[in-house]
Structures are given as structure tokens and as C-alpha cells.
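Just add 132 to wherever you are in the sequence shown, counting from 1, and you've got the numbering used here. Here a beta-carbon is modelled for each residue, glycine too, at the ideal position from N, C-alpha and C. Notes follow once the structure below has been shown.
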Amino acid sequence: MQLATLDWIIILGFFVIFLLIGLKVSKKAGTSSKEFFLSGRNMPWWLLGISMVATTFSADTPNLVTDIVRQNGVAGNWVWWAFLVTGMLTVFVYAKLWRKSGVLTDLEFYETRYSGKEAAFLRGFRAIYLGVFFNVMIMASVSLAAIKIGEIMFGLEPWKTMLYASVITVAYSSMGGLRGVILTDFLQFLVAMVGSIAAAVYIINLPEVGGLTELLANPNVTPKLDLIPDFNNRELFITLLVIPLAVQWWSVWYPGAEPGGGGYIAQRMLSAKDEKNAVSATLLFNITHYALRPWPWILIALASLVVYPDLESIRSAFPNISEGKMGHDLGYSAMLLTLPKGLLGIVIASLIAAFMSTISTHLNWGSSYVAYDFYQRFVKPEASEKELVNIGRISTVLLMVFAALFALVLTSAYDAFQILLKVGAGTGAVFLLRWFWWRVNAYSEITAMVVSFIMALLFYEKTGPDFMLAIPGDYQLLWSVGITTIAWVGVTLLTKPTDYQRLATFFNSVKPYGIGWNGFKKIAQKEGIQLESHVGRFSIDLIAMFLGIIIVYSALFGVGMLLYGNISTAVILLSVTLVSVLLLLRTWKKLTF
């Protein structure tokens, strides 16, 4: 495909801006590790919220949504829409706890909450497991989307796409640290939103699509329009809606939707000015992530069913695509080729921006684990601030190299998504309860991590017992969650609790509420350990959480009904959104920060 001069000017212009931002903040970023990895802990909520949503607005997300819609319809998106529940729980409960903890990374939490060599092992192991291996898998999934876009839109070989896409991202990420990442995220999000909306409007008005009304009436599209899976199709209803809403949201660890917060979401909360900014940032993220962004992608995915109704039609149109990269997720990139000059440049720039925002965040997040939680903690405790920044910059480059190499062997964004879900299945509950149940210890988390990984390996490699292999794929998640949860709870009760003094220090720092600490309170009273009381009300936090969930789901489906032409239902849903917003504003005044 030949880009016009205007397209190249737009694309190269954004590259220059991103590099200039990295250069501008590089001097300040290099002054200390806290500045490089946490931007000095003084970032405002609106920048942090946009940064969170820009990170999840990755190049692979439109491809993933397209893959889901083409195979399971719009209702298939419940596989990630269900994570809103844990997102809102993080907003109104865990964001405050993370900010109070005072840790520099979420892995430092392990030696704040737990004690003994097992706590040190957990911190060091997860620094490499999450910061390197798991992080590389996530970045490879994002890079896979870049490879597919490069093949369809530019005819580039995979290795060339990774080379071109990585150089500038690594440059500004390693120079500007988290501050550079957050500032570029803001611009990248604006570009990505403008690009996706403009592309959706143009594509649904193509002659072969015929406008929104014709699109929704197309026989290839109408079976895919349901927002809720058909209740009469019991199998589909359970796997697409019941399991995600009843089990998945609290039990599965997934980047950007970690139960209780974690990863780069925790990193953003820890870099906020204060608790109120941490809560506000995470709320903005969840509203924008779930209610604002999905519909342009969904509309393009539906339009792709008109132009390319099956895989064979995509293969015929693009015969040069590698067989190993062929999949329904290519429908998104294929539709973008219809865009005119100028708009094509903006959309390509938006996809590049989406790729960069996600990769830069994961590079900075992963390098913080390597520098803080592994190098300084276990290799060289006396490392200087300058040395930690240099380790962060070196690990940034190496992480990108590993991710690019792994991306060359992946085939599907949806497959990678499913692998990540299975590896994290069953670990979510321990991340939620470790703040509110004093008996949770380091062995609890080690057990959850090991058992969930073994379960994922048995199912994925098909090497488990016959009765396990006979379980349908959609129900394997339930088995993984059940077995992992039973395992870590059992180990918790059989092993000794965390050191009492460590528990007291943690309790007085974050002031958790709930009955889960009552047992320790009795022990502390007998041992003469002084504990401070919590002044907030859990009921208020939960009310705010449920209002937030109602706001997002009613807005998401209200917009959907509006696009579908169901005006009366749209008015009802959007009215519910407005009333819930007003109620949340009243409840907000009662929250404690």
C-alpha cells in the first residue's frame, strides 16, 4: 500500500513530538529512581487516568474486539466487560489502600505485608516472573497486532515491523521515565480516539456497507448484535455472561484488570499526589475504558462482516499474509485500507500511538520491577539512584528485544488473551483478601501462583488426567479457579501467620476495615500491640462502587441502543446513567481520603 505525502507528514510529525517529549523530561527523569519510575509522586488525577486508559488502548485491543465480535458477536465482549466489577472495586476500596501503603512498587508490598524468607522469595520471584516473563508475553501480544497491521497495510515482513515500531518507543521510554510515558500517553490517547471514531464513521458509510441502517440489517451482522447472550442458548449464555460476571472478575489476574489493583494500574496510583487523586484517576480510567471506547471498534468489526464475511474472504483479499498470522482479528486492519488520504495517516498514527502507549508503560513498569525489586533488593542493596535509573534504562531495551522475538511466533491476539486468563485463573481471590484477612501469608500467594500455572499448563498442553482433558474449554477456567482457591486457602490455614509486629505495622499504615482482622485484633490485645482504628465506612465505599458500575454499564448499553435505533430503551438507560452520576456525586462527599 502506498501512503500519500500527507499521510507520511502526519505519521512522522507524531514521531517527532513523542521524541521531543522524551528529551524534554529526560534530565528530570534521571535525577532519581523515584522520579524515573513514579514521576516524583506528584501527578494529577486527570493525567494519570488518561495514561491508564491509553495503556489499555493498545494496538491489539481493536484486533481482539474484532476477533470476538466476528466469532461470538457483540455479547462476546463480556469476557472483558465483566472486569469492570473489579475495576470499580479498585477505585473505591483498593486505590486508597495502595496510596496509604507508601510502597514504591506493588511488589514491595510483599515485604510490607508478609514476613520471613518466603516474603523475600515472593518479591524476587515475581519481579522476574511478572516483570520479565509475563510482561514480555503481554508486550508480544501487543506487538503481534503491530505485525499484522504492518503486513496488511505496508506489506512489511514481521521483523521489519518490530524493528521500526520499537526504536522510537524504547528511545522516549528509556529517556523520559514514567513522566515521559504519562505525557506522551495523553497525546496518544487523543490521537487514538480521534482516529478510531473517524475511521468508524467513514467505514460504516462505505458504499459496500451502506450506512448504519443497512449495516445493522445485513444478514451477516444481525445475528451478532445482541448485547446480552441469548438465554435460550444455555451454553453460550453461561460461558459468555454467567462465568465472566460470577467468577472471572474476582478470580482471574489480568493486566489492567487485576483484582485489588496491581501492575501498571498500581504504579499510576502510587505516583498520584494523594489518595483522592489516586481514586479519581482510577475512576476516570474505568469510565473511559469501558463506556467510551468500545463502540467505534465494534462498528468496524461489524462492517468487516459485510466486506469480509469469513476467513477465506480475508485470505483471498490478502494472499501474501503469513499462514500462521491468519485470523479473524485481521478484519480490523483490512477495513482500515479503505480510508482516504489524510484520514489514513491519522488512523495509522493512532494505531502507532496505541502501540507506543501500551509498550512504553509495560517497559517502564517491568524495568521498575527489575531495578527495585530484584537488582536493588537482591543484587546490590547499596546501589545509587543514578545506578538504579541506568538499570531501568538497560532493562527497558532488553525487555523490548525479548518481546519482539516472542511476537514473531504468536498467531492470535485472542489466543494470547485466553492464555493470560488461564495462567492467572484462581489467583484473584488472594489479591483481594490479602488486605482484609490477616491470615493470608506469603505461602498463600506462592501456592496460588504455582497451582494456577500448573493448571494452565495441564489444560493448554493437554497433558492432564483424562477426566480433566474431557472438560470443555469454556469450563476449564472454573476448574482452575476452584482447585487453585482450595489449594491456597488450605495452605493458608496450615502454615503459620505473618509476624505479628509486621501485621501491626501494616494494619496501622493502611487501616483496613472488615471482620477479617478481628482475629488479629484479639491477638494484638493479648500481646499489648497498639492498633489504630479505621474511620471510614465500608458500606459507603460499596455503594459508590455499585453506582460506578451502574453508570458505566448503563452508558455503554445506552449508546449501543442509540446506535441500534432503539431510542426509547436508549433514553431509559442514559437517564439511569444521569441519575446514578448525581447519586455518586452525593456519595463522593461521604468518602474518606
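Under the DSSP assignment, Trp177 falls in the alpha helix (DSSP H) whose first and last residues are 177 to 188.
Shortest Cα-Cα distance from Ile419 to any of Ser612, Thr222, Val264 involves Thr222. The Cβ-Cβ distance between Val225 and Ile681 does not fall below 8 angstroms. Within its own chain, the residues whose Cβ lies closer than 6 angstroms to the Cβ of Ser328, once the five positions on either side in sequence are excluded, are Pro428, listed in chain order. Judged by DSSP in its simplified three-state form, Val353 adopts coil rather than helix or strand.
In this model, Ile281 and Arg311 are separated by some 29 angstroms (Cα to Cα). The C-beta distance from Leu476 to Asp139 rounds to 5 angstroms, short enough to fall under 8 angstroms.
Contact between Ile683 and Thr709 holds: CB atoms are separated by about 6 angstroms, below the 8 angstroms threshold. A direct Cα-Cα distance of roughly 26 angstroms separates Ser183 from Ser383. In this structure, Ser584 places its C-beta atom within 8 angstroms of the C-beta atom of Ala557. Residue state for Ala557 is assigned as strand, using DSSP reduced to three classes.
The alpha-carbon separation between Thr354 and Glu346 amounts to approximately 10 angstroms.
CA-to-CA, the gap between Asn364 and Leu468 works out to about 36 angstroms. Within the same chain, Cβ atoms closer than 7 angstroms to the Cβ of Ile672 are found at Thr719, Lys722, Leu723, the five residues on either side in sequence being excluded. As for any alpha helix (DSSP H) of minimum length 4 sitting wholly inside the region 320 to 392, the runs are 343 to 349, 366 to 369, ordered along the chain. Partner residues in the beta bridge of Ala404, as assigned by DSSP, are Met175. Contact annotation: Ala636 and Leu663 have beta-carbon atoms nearer than 8 angstroms.
Fully enclosed alpha helix (DSSP H) runs of no fewer than 4 residues occupy 426 to 439, 443 to 449, 462 to 468 of the region 416 to 486, in order along the chain. Contact annotation: Phe538 and Val268 have beta-carbon atoms nearer than 8 angstroms. His421 places its beta carbon 8 angstroms or farther from that of Val274. Taking C-beta atoms as the reference points, Phe639 and Ser489 fail to come closer than 8 angstroms. Between Ile446 and the set Glu250, Phe168, Met693, Ile284, the nearest pair of CA atoms involves Ile284. Here the C-alpha atom of Met220 lies approximately 10 angstroms from the C-alpha atom of Ala227.
Under the three-state reduction of DSSP output, Asp631 falls in the coil class, being neither helix nor strand. Secondary structure note for Asp199: its alpha helix (DSSP H) is the uninterrupted segment 192 to 204.
Within the same chain, Gly256, Ala259, Ile260 come within 7 angstroms of Phe506 by CB-CB distance, once the 5 residues on both sides are set aside. In this structure, the alpha-carbon of Gly524 lies about 26 angstroms from that of Lys292.
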